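Chains as they are written, first to last, in our numbering: chain A, 106 to 461; chain B, 106 to 461. Encoded as structure tokens, the structure appears first; notes follow it.
There are 2 protein chains.
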Amino acid sequence: MPEKELSGLVHSIKPVETIMHDEIQAHLDNLTKPRGSLGRLEEFAARYCMITGRTRPDIPAKAVLVFAGDHGVTEEGISAFPKEVTFQMVHNFLQGGAGINVLARHVGARVKVVDIGVDHEFEPVEGLIDRKVARGTRNFTREPAMSRAQAAEAILAGAQEAEKAMNEGAGILATGEMGIGNTTPASALTAVFCNMSPEEVTGRGTGIDDDALKTKINVIQKGLSLHSPDASDPLGALAAVGGYEIAGICGLVLSCAVRRRPVVVDGFISTAGAMVAAALAPAVRDYIFAAHQSVEQGHRAQLRFLEQRPVFDLDMRLGEGTGAVLAMNLIEAGLRIYLEMATFDGAQVTPGSEAV
Amino acid sequence: MPEKELSGLVHSIKPVETIMHDEIQAHLDNLTKPRGSLGRLEEFAARYCMITGRTRPDIPAKAVLVFAGDHGVTEEGISAFPKEVTFQMVHNFLQGGAGINVLARHVGARVKVVDIGVDHEFEPVEGLIDRKVARGTRNFTREPAMSRAQAAEAILAGAQEAEKAMNEGAGILATGEMGIGNTTPASALTAVFCNMSPEEVTGRGTGIDDDALKTKINVIQKGLSLHSPDASDPLGALAAVGGYEIAGICGLVLSCAVRRRPVVVDGFISTAGAMVAAALAPAVRDYIFAAHQSVEQGHRAQLRFLEQRPVFDLDMRLGEGTGAVLAMNLIEAGLRIYLEMATFDGAQVTPGSEAV
């Protein structure tokens, strides 16, 4: 059944309508500044308005959903960190001490932490959203990471949690994740959807050395050879070599597009999730803001696939949603320009000549 | 006398000491994230600590000083906007309707507006700081823009206003400016200090067409031919082809370096002011954060001169300090990471292997 429900979700996604573009642009051009001089801040405002279908939107409440999951493929020695760091970091998120907590507080975004596939039985703990589909994926060098039903269930869980966050008032969502080893499935999916080799799209993740990088590339190659994932079957590819948090992010992206809300996609892992969403429903691209240029090799190829230009580049590679919350704040800056700046008439400022 | 006082200011500037670097880096590496994974946010935090000489600094109050001045060279038809827009925009700043007001509110920065050379007699008006040196510069195609004494007086005015803002509690300052026509003196100064031709460093400012761009380049060439400004005499170059707001920004940058406070330098005009400061006192480079990559041609050469890599690039070219206040917020994000993130020990998270 989850696969049928997912199909319904995917088919309810429509491209963003651009009918309001001229009205929005006219307002931007009437603000007390040279035309276009606020560059991409103006682009962010215009996209925000068109996505939401409103020419005078409110400033949205911001939320980041951090999906956590484990990876059977860590058995192959592809990460600089041991697997237990996933659940340890979940506790860190809940206590407010992680990078995402600090940056979300800084920009005024709510953090929601979702256990979608951590290999750990948590005691009931304040603030943790339990959507565990399984205790981690299986080792994709030996068997599919998930069944199709599990992959679909995880996507739907992500979509439902996004839906819930929007019902609770969030008007713009950001993607976040935690999962030791998850650059490996993200690289595998990138190879599939970008039709590139593992060498081209695989990087050092949290910081592995040359030998471990070779191992990682071999592991990915082994998974791809075993399952032959097909870009035209995104759910199958996700099930074969993906991860639960990646599936959750895919669902979040789909859900935002269904609800006509912007979604700010973080770095390499998050963008892999967004790629699965775009492979299922190409129109989701219209709703995506790519937060930043990640250091992780392969991210550029992902952004090309999604036709996105990132908001900023601060050499970040942490994940968790850290880039996405900072980008949400810059998108909000653009929206505030659109909503709060004086017009030439209103401020009695002489407009410039038309020679622009 | 102002020239002597300026010399005293310049000679009290010392390079930033790096003695605390290892202690700062050790703390950054002990936070619950892979080493270096927050990229430039970590760099911002480390620089902030070293500049202020404190390993556990407080989060600083933020202020942007917007210097406004007019330019005699506008007689030559080098701007898309008429000169009266300078004083009209000053009113807009004071009423809170300009781009800088919106973005400063967004990031929680105070805006201080300084009339340092506007060609307009303001009625006494709440909030406007009167440091007018003259009613605009003179047309540098015919005579020096200012006398040396006026240039020095304007630099000192900028330095004193920065000092005042810091005494009122600001711990990080941003540069801002307003002055119709001011990309012309900024381009002229860039040509002087970068030893480049006017063609190479002159752009379209607020938005002029091809003919006006040719005029602008010719005007700059005429000024440079008439005065032969010399990069080894920064005050003389500033007086010959500069502007009062550019001088004020130069003073602000010097003052921050004297007080060991970081200064966030906005786009093309502001960076011209920072170049004058760096030509007077090379060590000011240590205290500068370049906010963003401006669209304006010539900005890259300026940043090379100052040895700066900008914080972000959003295709902006408005000035006023709009890029600088957004950058202040990202620098603060880095500082919050440094101050607020949990350590591996504190959060009971297993550190990664050393293979980084």
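Ideal placement from N, C-alpha and C gives every residue a C-beta, glycine not left out. The structure displayed is predicted, hence computed values, not measured ones.
_Between the alpha carbons of Gln130 (chain B) and Tyr392 (chain A), how many angstroms are there, rounded?_
For this step, residue 130 (chain B) is matched to residue 25 along the second sequence. For this step, residue 392 (chain A) is matched to residue 287 along the first sequence. Their backbone Cα atoms lie some 39 Å apart in a straight line.
*Kindly provide the ranges of any beta strand (DSSP E) runs that are 3 or more residues long and lie completely inside the region 179-230 of chain A, ordered along the chain.*
214-222
*Residues of chain A with a CB under 9 Å from the CB of His225 (chain B): which are they?*
Taking the first residue of the second sequence as 1, we reach residue 225 (chain B) at position 120. Simply none; closest approach about 13 Å.
*asked:* Check whether chain B comes within 8 Å of Lys321 (chain A), counting only Cβ atoms and requiring the distance to be less than that.
replied: As a working mapping, residue 321 (chain A) is identified with position 216 in the first sequence. No, its Cβ sits nowhere closer than 8 Å to a Cβ of chain B.
_8 Å CB neighbourhood of Met106 (chain B) in its chain, flanking five on each side removed_ = Position 1 of the second sequence, counting from 1, holds the residue named residue 106 (chain B). Within the same chain, Met106 (chain B) has no close Cβ partners at all.
*List the residues of chain B that Asn197 (chain A) touches, going by C-beta distances under 7 Å, in chain order.*
As a position in the first sequence, residue 197 (chain A) is number 92, starting the count at 1. Chain B residues near Asn197 (chain A): Thr137, Ala447, Ala452 and Val454.
_With a threshold of 8 Å between beta carbons, is His140 (chain A) in contact with chain B?_
For the purposes of this step, residue 140 (chain A) is identified with residue 35 of the first sequence, where counting begins at 1. Here residue 140 (chain A) is Arg; the residue named in the question, His, does not match the sequence. Taking Cβ atoms only, chain B reaches closer than 8 Å to Arg140 (chain A), which makes this a yes.
*Starting from the C-beta of Leu133 (chain A), find all residues in its chain whose C-beta is less than 6 Å away, skip the five residues before and the five after it, and write them out in chain order.*
Taking the first residue of the first sequence as position 1, residue 133 (chain A) is located at position 28. Taken in chain order, the residues that qualify are Glu147.
_Where the alpha helix (DSSP H) containing Ile442 (chain A) begins and where it ends_ = To locate residue 442 (chain A), count along the first sequence from 1; it is residue 337. Element bounds for Ile442 (chain A): Thr427 to Glu445.
*Under 8 Å Cβ-Cβ, which residues of chain B neighbour Met421 (chain A)?*
As a first step, residue 421 (chain A) must be located in the first sequence, where it is residue number 316. In chain order: Ser142, Leu143, Gly144, Arg145 and Leu146.
*Helix, strand or coil for Leu408 (chain B) per DSSP?*
Here residue 408 (chain B) refers to the residue found at position 303 when the second sequence is read from its first residue. In the structure shown, Leu408 (chain B) sits in a helix (DSSP, three-state: H, G or I).
*What's the gap between the Cα of Gly426 (chain B) and the Cα of Arg364 (chain B)?*
As a first step, residue 426 (chain B) is located in the second sequence; it is residue number 321 there, counting from the start. As a first step, residue 364 (chain B) is located in the second sequence; it is residue number 259 there, counting from the start. Near 21 Å, if we compare the C-alpha coordinates of Arg364 (chain B) and Gly426 (chain B).
*asked:* Does Asp163 (chain A) come out as helix, strand or coil in the three-state DSSP assignment?
replied: Numbered from its first residue, the first sequence carries residue 163 (chain A) at position 58. Reduced to three states, the DSSP call for Asp163 (chain A) is coil.
*Note down, in chain order, each residue of its chain lying with its Cβ closer than 8 Å to the Cβ of Thr204 (chain A), except the 5 sequence neighbours on either side.*
Start at 1 with the first residue of the first sequence, and residue 204 (chain A) comes out as number 99. The question names Thr, but residue 204 (chain A) in the sequence shown is Gly. Only Leu423, Glu425 and Thr427 meet the Cβ criterion.
*Return helix, strand or coil for Val324 (chain B), following the three-state DSSP convention.*
Counted from its first residue, the second sequence places residue 324 (chain B) at position 219. Looking at Val324 (chain B) - three-state DSSP - the assignment turns out to be helix.
*Using the beta-carbon of each residue, which ones in chain B are nearer than 7 Å to Ala417 (chain A)?*
On the first sequence, position 312 is the one that residue 417 (chain A) refers to. The sequence given here has Phe at residue 417 (chain A), not Ala. Neighbours of Phe417 (chain A) on chain B, chain order: Phe417.
*Mind checking the region 186-214 of chain A against chain B and listing, in chain order, the residues whose C-beta falls within less than 9 Å of any C-beta there?*
Cβ contacts with chain B: Phe186, Pro187, Glu189, Val190, Gln193, Met194, His196, Asn197, Gln200, Gly201, Gly202, Ala203, Gly204, Asn206, Val207, Leu208, Arg210, His211 and Val212.
*Going by CA-CA distance only, name the one from B:Val430, B:Ala151, B:Gly328 and B:Gly222 that's closest to Ala293 (chain B).*
Taking the second sequence and counting its residues from 1, the one referred to as residue 293 (chain B) is at position 188. Ranking B:Val430, B:Ala151, B:Gly328 and B:Gly222 by Cα distance to Ala293 (chain B) puts B:Gly328 first.
*Using three-state DSSP, classify Thr246 (chain B) as helix, strand or coil.*
Within the second sequence, residue 246 (chain B) is the residue found at index 141, counting from 1. DSSP places Thr246 (chain B) in coil when its eight states are reduced to three.
_For Ala239 (chain A), tell me which candidate among A:Pro367, A:His332, A:His225 and A:Phe245 has the shortest Cα-Cα distance._
Counting from one through the first sequence, the residue named residue 239 (chain A) turns up at place 134. Cα-wise, what sits closest to Ala239 (chain A) is A:His225.
*asked:* Is Thr427 (chain B) close to chain A? Criterion is C-beta to C-beta, closer than 8 Å.
replied: Counted from its first residue, the second sequence places residue 427 (chain B) at position 322. Yes - at least one Cβ of chain A is within 8 Å of the one on Thr427 (chain B).
*Can you tell me whether DSSP reads Val306 (chain B) as helix, strand or coil?*
Sequence index remark: in the second sequence, residue 306 (chain B) carries index 201 (1-based). Residue state, collapsed to three classes: helix.
_Nearest to Ala429 (chain B) (by Cα), restricted to the options A:Val121, A:Glu108, A:Leu111 and A:Leu143_ = For the purposes of this step, residue 429 (chain B) is taken as residue 324 along the second sequence, with counting starting at 1. Comparing alpha carbon positions, the residue from A:Val121, A:Glu108, A:Leu111 and A:Leu143 closest to Ala429 (chain B) is A:Leu143.
*Nearest residue (CA-CA) to His196 (chain A), options A:His332, A:Lys217, A:Tyr443 and A:Arg210*: Reading the first sequence from its first residue, position 91 is the one you call residue 196 (chain A). When each option's Cα is compared against that of His196 (chain A), the closest is A:Lys217.
_alpha helix (DSSP H) segment containing Glu128 (chain A), residue limits_ = Reading the first sequence from its first residue, position 23 is the one you call residue 128 (chain A). First-last of the alpha helix (DSSP H) with Glu128 (chain A): His126 to Asp134.
_Going by beta-carbon coordinates alone, are Met72 (chain B) and Ile277 (chain B) separated by less than 8 Å?_
Residue 72 (chain B) lies beyond the range of chain B shown here (106 to 461); nothing can be said about it.
*Below 9 Å between beta carbons is the criterion; list the residues of the region 228-250 of chain A that meet it against any residue of chain B, in chain order.*
none
_CB contact below 8 Å: Ile393 (chain A) versus chain B_ = For the purposes of this step, residue 393 (chain A) is taken as residue 288 along the first sequence, with counting starting at 1. So no, Ile393 (chain A) is outside the interface.
*Helix, strand or coil for Thr311 (chain A) per DSSP?*
Against the first sequence, residue 311 (chain A) aligns to sequence position 206. Coil at Thr311 (chain A), not helix or strand.
*What residue range is occupied by the uninterrupted alpha helix (DSSP H) comprising Phe149 (chain A)?*
For the purposes of this step, residue 149 (chain A) is taken as the residue at position 44 of the first sequence. It spans Gly144 to Thr157 - the alpha helix (DSSP H) in which Phe149 (chain A) sits, taken as one unbroken run.
*Going straight from the alpha carbon of Phe172 (chain B) to that of Val219 (chain B), what length do you get?*
Along the second sequence, read from residue 1 onward, the residue named residue 172 (chain B) stands at position 67. Along the second sequence, read from residue 1 onward, the residue named residue 219 (chain B) stands at position 114. C-alpha separation (whole angstroms): 5 Å.
*Quick one: measure Cβ to Cβ for Ser333 (chain A) and Phe373 (chain A), integer angstroms, because I've assumed they're closer than 8 Å.*
Reading the first sequence from its first residue, position 228 is the one you call residue 333 (chain A). Reading the first sequence from its first residue, position 268 is the one you call residue 373 (chain A). Actually they are not in contact, since the Cβ atoms of Ser333 (chain A) and Phe373 (chain A) sit about 23 Å apart, beyond 8 Å.
*What does Val171 (chain B) pair with, by DSSP beta-bridge criteria?*
Residue numbering aside, residue 171 (chain B) sits at position 66 when the second sequence is read from its first letter. Looking at the DSSP assignment, Val171 (chain B) forms a beta bridge with B:Val218 and B:Gly281.
*Give the straight-line distance between the Cα atoms of Ala166 (chain A) and Ala214 (chain A), rounded to the nearest whole angstrom.*
Mapped onto the first sequence, residue 166 (chain A) falls at position 61. Mapped onto the first sequence, residue 214 (chain A) falls at position 109. Rounded to the nearest angstrom, the two C-alpha atoms are 7 Å apart.
*For Ala379 (chain B), return the contacting residues in chain A, with the cut-off set at a CB-CB distance below 9 Å.*
Walking along the second sequence from the start, residue 379 (chain B) turns up at place 274. By Cβ distance, chain A contributes nothing, its closest Cβ being about 21 Å from Ala379 (chain B), past 9 Å.
*asked:* Can you confirm whether Arg441 (chain B), when its beta carbon is compared against all beta carbons of chain A, has any partner nearer than 8 Å?
replied: As a working note, residue 441 (chain B) is residue 336 in the second sequence. Yes, contact with chain A.
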